[in-house]
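Beneath this line is the structure, given in structure tokens, with notes to follow.
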Amino acid sequence: MVVSRCACAPPSSCGRGDAMTTTVSFVAHPDDDLLFMNPDVLSDVQAGYDVWVVYLTAGDLLCGDGFPVCGMEYADMRIHGARAAYARAAHVANQWTFEALQLGGHQVATNTLDGTRVRLLFTFVHAAGGSDQTGDLARMVLDENFVAQPIDGRAPYTRASFIGMLHDVLATAQPDYVRTLSTVGHRETDRDHVDHVAGAILASLADLDGDGRTWVRRDEYDGYVIRQRPENWVGYWKDEKTAVWHAYRPHDPMVPPDAWDDVMGRQYRQRVFEAGDPWTPPPDFTV
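Residue 339 in this note's numbering sits at position 249 of the sequence shown, with consecutive numbering throughout.
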């Protein structure tokens with residue numbers, strides 16, 4: 091399924107309308123947007139949209155598991171990678187301004203890319219990886235009483251307060267549409283990462299109105315399974331996606347030199363929930 095609005099041309103020819111369009115993309119780790127939601131997100135950046143990207147975990151690894159880097163040190167490396175990637179996407183200098191936002195009663199760390207409308211938000215929730223293949227997102231999905239402690243020492247989250255914070259992100263940004271990864275990626279033969287699915291479920295719950303219907307249009311993007319699908323992007327946008335990914339990769343010592351090059355010509359948006367559409371979390375989600 092080709093999801094491009096303008097697959098092989100530079101952004102100036104896409105005719106994407108008002109530059110004040112706002113998008114919010116929720117992803118689990120500081121590379122999921124680059125791998126699975128590009129070139130859509132980077133085309134928003136180049137169109138001058140208000141682009142919010144929310145990293146639902148720190149993308150960390152447990153210290154004590156034998157990794158060469160771990161904890162906040164590794165999380166910070168990945169943040170630097172995300173910043174470099176978005177500076178490349180926007181074709182501007184890699185200069186950022188920090189701002190703490192109060193969202194749903196929580197202080198959330200954000201960075202805005204100077205001279206653009208790009209804002210990155212960091213929750214620092216513990217990710218699944220190494221000896222912990224569950225992660226705190228899945229724990230919140232599966233146990234409403236679980237308390238997730240962000241690795242940077244900020245105030246903890248329960249399922250309800252985390253969803254409330256994400257809902258306030260949407261209320262604050264007022265996006266025209268929302269992106270998540272697939273809420274049913276656990277059903278794929280190439281099963282998606284547990285954080286991808288759990289994060290998508292929590293973000294989708296945040297995008298419900300009081301009647302349990304989709305509040306803001308939400309698009310779901312496939313994760314690992316795209317490796318098994320045909321390339322569906324060529325030309326300008328494939329080249330830009332590749333350049334953006336290569337700007338991130340040197341900052342992440344856990345990523346091999348040629349990792350993920352096979353998805354640079356792939357992006358699959360499989361499900362769209364329009365405002366007012368019903369949505370319920372998948373009852374078969376497990377870790």
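Heads up, the beta-carbon is just placed ideally off N, CA and C, and yes, glycines get one too.
Mapping the DSSP letters down to three states, classify residue i as helix, strand or coil.
i, result
"residue 292", "helix"
"residue 105", "For residue 105, the predicted structure reports a pLDDT of 38, less than 50, and the residue's modelled location is therefore unreliable. A value from the coordinates is still provided. If DSSP states are grouped into helix, strand and coil, residue 105 belongs with coil."
"residue 360", "strand"
"residue 377", "coil"
"residue 381", "Because the chain spans 91 through 377 in this model, residue 381 falls outside it and cannot be assessed."
"residue 298", "strand"
"residue 254", "helix"
"residue 222", "strand"
Across which residues does DSSP place residue i in a beta bridge pair?
i, result
"residue 368", "303"
"residue 117", "145"
"residue 202", "187, 209"
"residue 311", "271, 359"
"residue 196", "193"
"residue 140", "112"
"residue 247", "238"
"residue 123", "The partner list for residue 123 (beta bridge, DSSP) is empty, contrary to what the question assumes."
Taking the alpha carbon of residue i as the point to measure from, which residue in the options has its own alpha carbon closest?
i, options, result
"residue 162", "236, 342, 357", "342"
"residue 375", "212, 121, 165, 285", "285"
"residue 223", "282, 367, 324, 321", "282"
Does the Cβ of residue i have 16 or more other Cβ atoms within 10 Å, making it buried, or fewer, making it exposed?
i, result
"residue 188", "exposed"
"residue 178", "buried"
"residue 219", "buried"
"residue 196", "buried"
"residue 300", "exposed"
Short of 8 Å in beta carbon distance, which residues of its chain neighbour residue i, apart from the five on each side in sequence? Order them along the chain.
i, result
"residue 260", "114, 268, 296, 297, 305, 306"
"residue 317", "280, 352, 353, 356"
"residue 380", "Absent from the structure is residue 380, since the part of the chain shown begins at 91 and ends at 377."
"residue 248", "230, 234, 235, 236, 237, 238"
Kindly indicate if chain B contains any beta-carbon less than 8 Å away from that of residue i.
i, result
"residue 242", "In the structure shown, chain B cannot be found, because there is only a single protein chain."
Could you pull out every residue in the same chain whose Cβ sits closer than 6 Å to the Cβ of residue i, ignoring the five residues on either side in sequence?
i, result
"residue 151", "157, 160, 164, 219, 220"
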